[in-house]
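To start, the structure itself, in structure tokens.
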Amino acid sequence: MDVMLRRLAHTRSGDKGNTSNIAVIAYDPAFYPLLREQLTAERVAARFGTAFTGPVHRYEVDGLGVLNFVCEGALGGGVSRNLCLDNYGKTLAAAVLDIPIDVPAALEVCLR
């Protein structure tokens with residue numbers, strides 16, 4: 066079944082210059098393999114379309130059940146230079162939580 070990422074994980078974010086950092090943290094270790102398989106850098110980049118002018122890189126932190134996305138060209142030139150408040154890191158991290166993830170029925174009891 067497809068469920069929004071927010072039911073499997075939460076996010077933390079940061080921004081520096083024109084780069085946004087989005088960490089996706091699995092609520093349950095059972096969800097992490099699903100995230101590794103389905104939440105690719107390409108899917109995160111596609112979520113934002115042309116709003117990002119640079120590449121998205123994904124880093125896996127397996128011991129913590131975390132995927133870290135570094136999104137270049139994501140802040141319209143930088144937080145202090147941009148008049149569009151919606152592009153700050155926290156807003157971008159919240160938008161990632163709307164990506165659908167296919168979850169097996171056996172893991173439904175672990176969803177939030």
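Numbers given in my numbering equal positions in the sequence shown, counted from 1, plus 65. Even glycine gets a Cβ: it sits at the ideal position worked out from N, Cα and C.
{"Check": "What residue range does the beta strand (DSSP E) around residue 135 cover?", "Outcome": "131-137"}
{"Check": "Using C-beta distances below 7 Å, list every residue in its chain close to residue 97, excluding the 5 sequence neighbours before and after it, in chain order.", "Outcome": "91, 130"}
{"Check": "Enumerate in chain order the residues of its own chain whose CB-to-CB distance from residue 22 is below 6 Å, with the five nearest sequence positions on each side excluded.", "Outcome": "Outside the displayed range of the chain (66 to 177) lies residue 22, so it cannot be described from this structure."}
{"Check": "Just mark residue 67 as buried or exposed, buried being the case when its beta carbon has 16 or more other beta carbons within 10 Å.", "Outcome": "exposed"}
{"Check": "Output the distance between the C-alpha atoms of residue 73 and residue 167, rounded to the nearest integer angstrom.", "Outcome": "11 Å"}
{"Check": "If you run the structure through DSSP and keep just helix, strand and coil, what is residue 105?", "Outcome": "coil"}
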